[in-house]
Each structure stands twice: as C-alpha cells, then as structure tokens.
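So the structure is just underneath, and the comments pick up after that.
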Amino acid sequence: MSRDLQLIEKDICSKICDRLDKVGLLYRIFSRVKDSNSIAEKIERKKAEGEPYSKDGKKMQDIIGVRIVTYFHDDVNLVREILSDVYKCVDEEIDKVEPTVFKPKRTNIICSFDEKQKGTFNEVAKVTNRESLQLTDHTFELQLRTILSEGWHEIDHSLRYKSKDEWKNHSEKERLLNGIYANLEVNDLAMKSLFSELAYQHFKEKNWEGMLRNRYRLKFQLFKLKEELKHILNEHPKVAKQLFKVDRHDVISKLSKLEFSLPINFNNMVYFINHIELKNEDIANLTPDLIKNCL
Amino acid sequence: MTDKLSLVDKLFESYNYKIAKTSTKDVRIYTLQYGMYHAAEILSFDEKTDVSKFKTEFSELGYATEIRVIKNLEEVEEYLFEGFFIKTPLGNELRNRYKNFVKKQLLNLPEGSDYQYINSDFDLLLQDNLGEVIEAKAYSSKDNSIISKIKDLFIQTEGALFIIIEAPAGFGKTCTANEILNSITVENSKILPFFTELSRNREARVFKHILLNEIDDQFPNGIKQNVVLEQIHKGRIPLIIDGFDELITKENNKEDVESMLSTIVDLLQNEAKIVITSRKTAILNSEEFIETVNSSIENYSLARFEIKEPTIENWLHNERLKLIVDNEFPINQISNPVLLSYLRNIPLEKLEEFLTKKEGTLIDKYFDYLLTRERQRQNLKLDNQTQFRIFRKLNRFMSEYNFTAETKETIKDFIKAYNVKIIKESLKDYQSEEKPSIEELTETLSNHVFLDRKTDGNIGFINDFVFGFLISENLIFAKFQEHYKENFTKVIPQDFAQKSLEASKIQSPENKNRLWQVYNGNNFEYDSVFYFDADYFLKNEIKRDFNTLFLSDRTIKELNFENHTFENCVFAGITFENCTFNTSCFKKSSFQNCKFYNCSLPNKTQIVYDDFAIYVCQDNNEFIQDINSLYCKDSEINEVKPINQLTEQQVLLQFLQVDEKRPKPRKFSVIKQRLAEYSDKDISNVINSLIRKEYLHFKDDVGFITKDAMNFLNHN
Chain C
187 MSRDLQLIEK
197 DICSKICDRL
207 DKVGLLYRIF
217 SRVKDSNSIA
227 EKIERKKAEG
237 EPYSKDGKKM
247 QDIIGVRIVT
257 YFHDDVNLVR
267 EILSDVYKCV
277 DEEIDKVEPT
287 VFKPKRTNII
297 CSFDEKQKGT
307 FNEVAKVTNR
317 ESLQLTDHTF
327 ELQLRTILSE
337 GWHEIDHSLR
347 YKSKDEWKNH
357 SEKERLLNGI
367 YANLEVNDLA
377 MKSLFSELAY
387 QHFKEKNWEG
397 MLRNRYRLKF
407 QLFKLKEELK
417 HILNEHPKVA
427 KQLFKVDRHD
437 VISKLSKLEF
447 SLPINFNNMV
457 YFINHIELKN
467 EDIANLTPDL
477 IKNCL
Chain P
517 MTDKLSLVDK
527 LFESYNYKIA
537 KTSTKDVRIY
547 TLQYGMYHAA
557 EILSFDEKTD
567 VSKFKTEFSE
577 LGYATEIRVI
587 KNLEEVEEYL
597 FEGFFIKTPL
607 GNELRNRYKN
617 FVKKQLLNLP
627 EGSDYQYINS
637 DFDLLLQDNL
647 GEVIEAKAYS
657 SKDNSIISKI
667 KDLFIQTEGA
677 LFIIIEAPAG
687 FGKTCTANEI
697 LNSITVENSK
707 ILPFFTELSR
717 NREARVFKHI
727 LLNEIDDQFP
737 NGIKQNVVLE
747 QIHKGRIPLI
757 IDGFDELITK
767 ENNKEDVESM
777 LSTIVDLLQN
787 EAKIVITSRK
797 TAILNSEEFI
807 ETVNSSIENY
817 SLARFEIKEP
827 TIENWLHNER
837 LKLIVDNEFP
847 INQISNPVLL
857 SYLRNIPLEK
867 LEEFLTKKEG
877 TLIDKYFDYL
887 LTRERQRQNL
897 KLDNQTQFRI
907 FRKLNRFMSE
917 YNFTAETKET
927 IKDFIKAYNV
937 KIIKESLKDY
947 QSEEKPSIEE
957 LTETLSNHVF
967 LDRKTDGNIG
977 FINDFVFGFL
987 ISENLIFAKF
997 QEHYKENFTK
1007 VIPQDFAQKS
1017 LEASKIQSPE
1027 NKNRLWQVYN
1037 GNNFEYDSVF
1047 YFDADYFLKN
1057 EIKRDFNTLF
1067 LSDRTIKELN
1077 FENHTFENCV
1087 FAGITFENCT
1097 FNTSCFKKSS
1107 FQNCKFYNCS
1117 LPNKTQIVYD
1127 DFAIYVCQDN
1137 NEFIQDINSL
1147 YCKDSEINEV
1157 KPINQLTEQQ
1167 VLLQFLQVDE
1177 KRPKPRKFSV
1187 IKQRLAEYSD
1197 KDISNVINSL
1207 IRKEYLHFKD
1217 DVGFITKDAM
1227 NFLNHN
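Protein chains in written order, with the working numbering: chain C, 187 to 481; chain P, 517 to 1232.
Pasting the structure below:
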C-alpha cells in the first residue's frame, strides 16, 4: 500500500520543488508516507484520547507528510504563500508569537490533493479496502520551519513529545530545552539581520552583486552583473536605493507567478524588479522583450 | 513546414517544454526548467533564417541555448527522443540490461559456461484489430524461433500490438522476455524498450501504480511520467512486462485482474507495443479477459504465444545426451531448466562422474556445487546445510507475509534478526585480519547466489525453482509445522505451494512422497487443480476423487484414470500421452480440444454422452472411435430431438457480436448453452467440421472465428 501512496508523495514533492526551484529559494524538502504500523498506532491513540477518527467525522490528515525546511526565517511565510497557488489549504495550525513566552512556533498546513492525486488515492482505497484508508481523507500535511529549528524539533518530537511522562517532574529541564529553542529563534532573527546589514554595506560600497545576493538570498546563477547595469546604478543612487528597498517578499512572490521560468541571476533580477517596480527607462531599454512581455 | 507549427509545438509540449512568447512563425523557441537549470531550444525551418538575435537574447538571460534547423516533423521527433532517452546514461543502462541478465545467468553455472537461449516449439494465435484470427499455427523450434517471429510482428504490425507469452513455470518466460529486449535493442536504436520484472511485494497493490513507480524509478528525475507514457503510446518505448501473473494471487478478486488488464489496454493506443509474459493461468481465458479484449480490440492487434516445453534435445548436445541414455539415468531427474543448463555446461568428465555415482540425487549435487562455490567466492564460513537453513527461514517469512521480493534493507534486517546465533558462530571461524562485521556478513548473505536483484531494485529468490525447493524443504522438515503450529496450512499461498510441486518433480521418490503426505494429510484448502498436480507430479498416480476440476493446457503422460472418479470435470487443451481411461470413472465430465496419443481403454463399459463428452479432440489411434462406439443408445432417447438440423452457419453466428459484423471469441460452455435445443453430439459434429475447414480455432476452451469464416459468412 505504501508504494501506491508513494506515487502521490512523489507527485506532491515534484510539484512543490518545481515552484520553489523556479524562484531559486534555498530550502530542503523531506517527505514520508506513514507506514501501516504508525497509522494503526495513531488511530488507536486518537481513540484513547477520546477524539476518535470516523468515516463521517474527523479523519487522519497526515498519511503523507511533507516538510520544507527553509534557510531563513522570513522564507517560511514566503514558501507558504508561493505554495498556496499550487495546493488548496483546508486547515492550518500557525502559532502566534507571544511576547513573553518562548516556545516552538508551528506552521503546519493541511492541503488537499489535486484531482490526479485524489484519483490515485481512491484506486488504492478501493483495492486495499483497508479500514484505515476510510479514516483518511484527501489531504497531506505540509510543515514549514527553519533549518536552525529543524534539529531541535526532531529531538523534541522523538524524546519529549512521544514520552511526556518522562519529563513530568523535570520542569527545569523542560524550561532549559525550551530555552534552547528560544536561542535558536533569536539566532534565526540574527541571521536574517546579519545578511540585511551585509547587503546594506555592499549597497553603500556600490558592490551591486553583493547587495543583490545578500538582500535576496537566492541561488543565483554564476553570471556577472552587466557593466551597463552597474553603470546605471552607479549613476543613479536613487534607483539603486529603490532596488535595495523593494519588498523582497513581494518580488519573489511575483517571480513565482510568471508563466515561464526566468533563470535567476543578477541581471534578470534587476530587469525584473525594474519592470515591476522601479520603471527606470535606461534599465527598461536594456531589458529583453521576454521580461517586458512577462506581465 | 510552417503549417505544421502547431504539431511541432505539441511535440515540444509533450516533453514539458513551454513555448516562449517571442516565438514567430519562422523561429520557434521552447524553454524548459529542471531545478535550477534552464534550457531554450531555438528552432528554425530554414538555414537562411537569422536566429542569432534570439540566441543572444536567451543566452544573456541565462538559458543554455541550442539552435536547430529542422526540415520535418520526424526530425523533431527524433531529436527530442534522442536527447531525452537514447543519448543519456539511461539509454546506455537499458542497453546493458541484457548483458547483465546474461551475466547473472552465468553466475550459477561452472566457469567457462556460455549462455544460449533455448528455442522451443510454440503456438501462435494472431488477431487483427477487427478481432479476426489471421494466424493460428503451431511452430516447430527447428524451423522457427519465437524471437524472430516476435521481431517480425514488431516491424510488420501497423498500430498498437499486444503480445501475450504464456508458458508454465520453467519453460523460459524470463529468458524469452530478455531475448526480446535484446533483439529490439540491437536492431533499432530509435526505440528504447522498457523492461520490468514484476515481483510481489508487500508495499504495492494497484498494478497501475506499480507500473508508474517503476517508470519513476527507472527513468531519471527530469523525465516525468507523462513524457514516458506519451512515448509508450507512440511505440518508441515498447513495454516488456515479465511475470504478469506474479501479482495475481488466489485472493485477488475479479476487479483486481480487470484493473490490471484495463491498465494495459489503456496504454495500447496508436503505435504502442506491449509484451507480457505469464504462467498459464485461467484468467487469460476467463470471460472477463475475453470481454476486456473484445471491447477494446479495435485499438490493437493481439498475438498470443504459448511456449511448449523445451525438450532435452533442445538443451543437450548429442554427446551428453548419449551419456545420459547409456547410463539409463532417470530422465525425469533432469527435466528442469536450472539443472539442464548446469548439465549443459559442466565438464564432460564431471557429468560422467555424476551419472555413475549412485548416492544422492542430481539436485543434491547441483546445490552442493552452488553452495560450496559460494563459500569460496564470498569467503563464507557457513557450511552448505547452514546456508540452506538461513534461506529456508527467509522463505518462510516470505510465505507468511505473501511477498516474493523486498528491499535489500528489509531482507538484510530479516537475515540479521533471525540468524543471530548462526552469524555469531560463523564469525568465530574467521581469522582476525579477515573477520567481517555482523553488518558485512549480512551484506554478503544478501548477495547470496540464491538471491537476485529484480528490476524494481528489490531482492527476491533467484528463480522459482530455488523458491519452490525451499518451500518443499520447509514442509518436509516440518519447519512450517513447528513455527506456525495448527495455523501452518494457512501460511502458504497456493501459488507458492504450486512452486514447491514444480520444484519437486526432480526430487527423490522419498522426498516426493513426504511432500505429498504433508499436502494430503493436512487441510490446506487449495483448489482441486493443485491436488491433481500433487498426485501427478509427486505420485504419478491419481489418489483421490475429483469434483469440479477444471484442468487446462498441459501434457499428461503415463497416467491412469481408472480407480478414482471425476465428476463435473472439464479437461481443456490437454495432451494425454500413454494414458489409460476407464470410462465408468467419469460423470458429467467433458474433454475439449484435447489430444490423445497412444491412449487406451482397457475396460470397455458403456457410457452416456453427457458423462464422457468429447469435443474437438484428436487421437493417433482408435481411441476416439472406441469412445464413440461405447455411447449407449439410451442416452439419445432422452436428448431433445431438434426440429431442424444444426447448420455450420448457425454455429458460426454464435461467434459474432450482436451486430453480426465483428467476431467475438466464445467459451465452449457458452456455445453449448446457447444451442441448448441441439444435442451435444450434433454441436460437436458441426464444430469438428468447422475446425477441419479452418473456420474455427480453439485455444484451450475458447473458440475463435477465422478470417476465412468471416468471408464465408459474408458471402452466404
């Protein structure tokens, strides 16, 4: 059965990767199909907890789980937004940040299968005729988190979440483990501002490539920025400043919506941002038609 | 060419390219993204068209650009297929698959052996896409090879082609499938065959998903399923599926099988070429199968091959054969391909030694050879019996969970967990400098000569012979009985048990008898065909009464049907050689499309036609005439007297669809039912005559109408 479901898993991942690779985001993807033992265990556990799954009521939603681990804190929301074009979100658990409490922040989204994936699932359900599949709906769980918190989450899940009893009388230790998470969250923020500052330094030094790389934090092709573009930016500090100030989230999100795939390099970024935001004529004159016609 | 623009666009889109907006009528630009890699293909239809502007633009944007001047659609097709499939590491790998297969075959043979495909006789039934039988013929291996026949069909058939190769265990299905793969590869590099070997594993259930998973696994990441499926439809990727029956279990319900067939039928579009091999199974003659084929045959031609048993002459050169005959060696000890290929290749002196030394059976000697060599080859410090123990356990595990292949990790985990003591003991026998870790030793055992990596990457037993042999050992040594107690009869799937019967054909009489005792002394709940085979293979004697036995397609030699009764039994497409029959043992039973060679009727008692009905049968002596003379008159009084005489046309019309324009295969039993107002004898007579005229052809109990018959019907 799990081989059949793997087909859905692979399809989900391939669609996700296509989208994220298109904009050159830095990420890692992990996925798994729940094996029959874990399915049975979870069904039993839910029953014991008094919230049993049922055919007409609540069903299991994470028979397929996909986790996307981003390198930067602000990419979590970006990925969520980009993927909302690909998969329909039916439910989500997104923890709010509280000012005085440090605790893990979950971004878990329940997405529904697309039509093809639903078809595959129904074929498996029909043939295997397993009760467990009747208690599962047409969804998968998408978890988003940063790479710094990933290790912590793994440890927490294996050694605390699954054996809560062992921590009962050790609140000091529990506080410390949470404290470690707090540290990581601070580091996530520090990392982001470190790169922002580095980008600003490069901006001030008119090192436009350094500025773009550290501002946008994408996998850039190894192309140099064109001399003509460098020249324009050197001559027009206002344009350069706009280029630095433009909303990163907005730019990448618009890139992801392009009909075609634009290779991610410094030139294209400048052309593209100019085309959608800056509207500088000199840059526009250099911009290839393909980008001009893109929206 | 420009009027075909949309076709070119479609072609590129079928490979997941996007059409760039800057494309014009004269220059087409297609872009493709794989991860971070971006490519742009710039096509012009005329060398004079200047494409440099486009090339510069796309290169500057960061695309890897390729410029092509294309003259016609075929060229585009070639170019894309080559780029995606042929000129890739994958193309090379698929081309090497046959070589690897041969290498594996040689692994079990003495050094210096050579691999050669053994040609056998075969039958062919070919239907065109009107459903008419255009060829129904038995071929002799002396004049024709099944491989060249299939190759011809590949070349000559217009439109889609579905080839089914049926043969019982050990007749060479896998070798034939690989030989077809090789013949396609060598002859024509413009197509790339996709070969998959099905094995039952616990992880997958739906055949379509198994196939798609295989595509995902065997083709690289960048190539998506839709690209491969499209090329399958176009016939550029012929599909060879070895062991179609592997997924069919006794528990499968009808829908499972229907969905397997409809998956294949769905793929049979345009120029698709699909070959499947299967053991002989009633499913391929079932109403569901006939119905599935019948409702879709307009889309393809159907060629059904049946491989006949390779003869010992096919296998062994005269010199070796003479040695065996001269030594009066029991021939049934070698009627197995695994042993025959071994005997074909061992040095002549060694063969002589085997034949003259009496103790132990040939099979013992063969395993002795394999396992002793395994100790040297892999530096194993496990004696032969211990090696057997380890794999008997694995074999029991496979039975319990009903699978034939699993991932290497699972197999290793199993070997490690269930052989802790054996492995630790064995490690003591290594000198310290060569001592492997437990992990290394399990790795070595997972590469054992008994095991083999299948095309899906999973590991299973090397062949059904070893698999079946271990099942029978587990039963003979009461290992199943010991580990599963009263439950043990539920643990072994029937098709696994069947493999044990096949493998035991060449066992010593004592072991055959012990296996028979286990199967007959316990309630396994297998079907009656299994028990018939158990009696025939292990005892060469009928040991029980049979009710509702449906036996088809096999050769039965030297068996007496004298002391036990057969009620409501059907024998279809069976060749009886040197068998004796007592007609009074049969009640309401029939023989259809059977051959009786040198068969006899020592006790001639009168019979009723219904009890011993013979349709469409042949003999080489007076057998059928004798039977006919035994029918007593009484039965005819009871038969309904038809008002009219049954005509050939009336019978032929039963083999047409409702529209009376297209043919439809029919099971014999259905025909009988539909013509219930006529006597069985009348029906039988007319059908016999139609067969002689080559208007009807029977495969097992299914009748097909030929092209000549269609002509006859159209003109009368």
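Don't be surprised by glycine CBs; every beta carbon is placed ideally from N, CA and C.
(message) I need the boundaries of the beta strand (DSSP E) containing P:Glu582, first residue and last residue.
(response) 580-585
(message) For P:Lys873 and P:Pro736, what's the separation of their Cα atoms in angstroms?
(response) 54 Å
(message) Cβ closer than 7 Å: which chain C residues qualify as neighbours of P:His554?
(response) Ser447, Pro449
(request) Drop a sphere of 10 angstroms on the beta-carbon of P:Glu1193, count the other beta-carbons inside from all chains shown, and report buried for 16 or more, exposed for fewer. (result) exposed
(request) Name, going along the chain, the residues of the stretch 523-552 of chain P whose beta-carbon falls closer than 7 Å to a beta-carbon of chain C. (result) Lys534, Ala536, Lys537, Thr538, Thr547, Gln549, Gly551, Met552
(request) Between the Cα of P:Ser1020 and those of P:Ile850, P:Glu959, P:Tyr885, P:Asp899, spot the shortest distance and give me the residue it belongs to. (result) P:Ile850
(message) I'd like to know if the stretch 530-540 of chain P and the stretch 453-473 of chain C are in contact, where contact means that at least 3 CB-CB pairs between them fall below 8 Å.
(response) no
(request) List the residues of chain C that P:Ala933 touches, going by C-beta distances under 7 Å, in chain order. (result) Correct list: empty, because the minimum Cβ distance to chain C is about 16 Å.
(request) Report the three-state DSSP secondary structure of P:Ala555 (helix, strand or coil). (result) strand
(message) If I measure Cβ to Cβ from P:Thr779 and keep anything under 8 Å in the same chain, skipping five residues before and after, which residues do I get?
(response) Phe723, Lys724, Leu727
(request) Examine chain C for any beta-carbon lying closer than 8 Å to the beta-carbon of P:Lys724, and answer yes or no. (result) yes
(message) Rounding to the nearest angstrom, what Cα-Cα distance links P:Ser1151 and P:Asp1196 in this structure?
(response) Here P:Ser1151 scores only 48 on pLDDT, less than 50, and its place in the model should not be relied on; the value that follows carries that caveat. So the two alpha carbons sit approximately 11 Å from each other.
(message) I need the DSSP call for C:Gln247, collapsed to helix, strand or coil.
(response) coil
(message) Suppose you measure from the CA of C:Thr322 to the CA of C:Ile295; what does that come to, to the nearest Å?
(response) 16 Å
(message) Taking 6 Å as the limit between beta carbons, can you name the residues of its chain near P:Cys1148, skipping five residues before and five after?
(response) Gln1122
(message) Just list the residues that DSSP pairs C:Arg214 with in beta bridges.
(response) C:Val255
(message) By the three-class DSSP mapping on this structure, what secondary structure does P:Val649 have?
(response) strand
(message) Residues in the same chain with beta-carbon distance under 6 Å from C:Val219, minus the five sequence neighbours each way, listed in chain order, please.
(response) Ser188, Leu191, Gln192, Glu195, Ile250
(request) Please confirm whether P:Phe574 and P:Thr565 have their CB atoms less than 8 Å apart. (result) no
(request) Could you check which residue in P:Phe1040, P:Leu646, P:Ile671, P:Ile662 has the C-alpha nearest to that of P:Lys653? (result) P:Ile662
(request) Determine the burial state of P:Ile1153: buried for a count of at least 16 other Cβ atoms within 10 Å of its Cβ, exposed for fewer. (result) In this prediction, P:Ile1153 has a pLDDT of 48, which is less than 50 and means its spatial position is unreliable; nothing more can be read from the coordinates.
(request) State the Cα-Cα distance for the pair C:Thr256 and P:Leu855, rounded to the nearest angstrom. (result) 59 Å
(request) Kindly confirm or deny that the stretch 1007-1014 of chain P and the stretch 1040-1060 of chain P touch, where touching means at least three C-beta pairs closer than 8 Å. (result) yes
(request) Mind checking who P:Asp639 pairs with in its DSSP beta bridge? (result) P:Ala654, P:Glu822
(request) For the beta strand (DSSP E) holding P:His1213, just list the boundary residues, first then last. (result) 1212-1215
(request) Could you name the residues of the stretch 946-980 of chain P whose beta carbon sits closer than 8 Å to any beta carbon of chain C, in the order they occur along the chain? (result) none
(request) Would you give the residue range spanned by the beta strand (DSSP E) that P:Ile757 belongs to? (result) 755-758
(request) Flag this pair as yes or no: are the beta carbons of P:Ala685 and P:Glu1018 separated by less than 8 Å? (result) yes
(request) Using a Cβ-Cβ cut-off of 8 Å, state whether C:Lys282 counts as contacting chain P. (result) no
(request) Quick one: using the 10 Å Cβ neighbour count with 16 as the cut-off for buried, is P:Gln903 buried or exposed? (result) buried
(message) Short of 6 Å in beta carbon distance, which residues of its chain neighbour P:Ala693, apart from the five on each side in sequence? Order them along the chain.
(response) Ile756, Asp758, Thr793
(request) Excluding the 5 residues preceding and the 5 following P:Phe1066 in the sequence, name in chain order all residues of the same chain whose CB lies nearer than 6 Å to its CB. (result) Val1086
(request) Leaving out five residues on either side along the sequence, give the residues of the same chain with a beta carbon under 7 Å from the beta carbon of C:Asp277. (result) Ile296
(request) Measure the Cβ-Cβ separation of C:Asn453 and C:Lys412 and say whether it is below 8 Å. (result) yes
(message) Can you tell me whether C:Lys274 is helix, strand or coil according to DSSP?
(response) coil
(message) Check this for me: beta carbons of C:Ala426 and C:Leu415, under 8 Å apart or not?
(response) no
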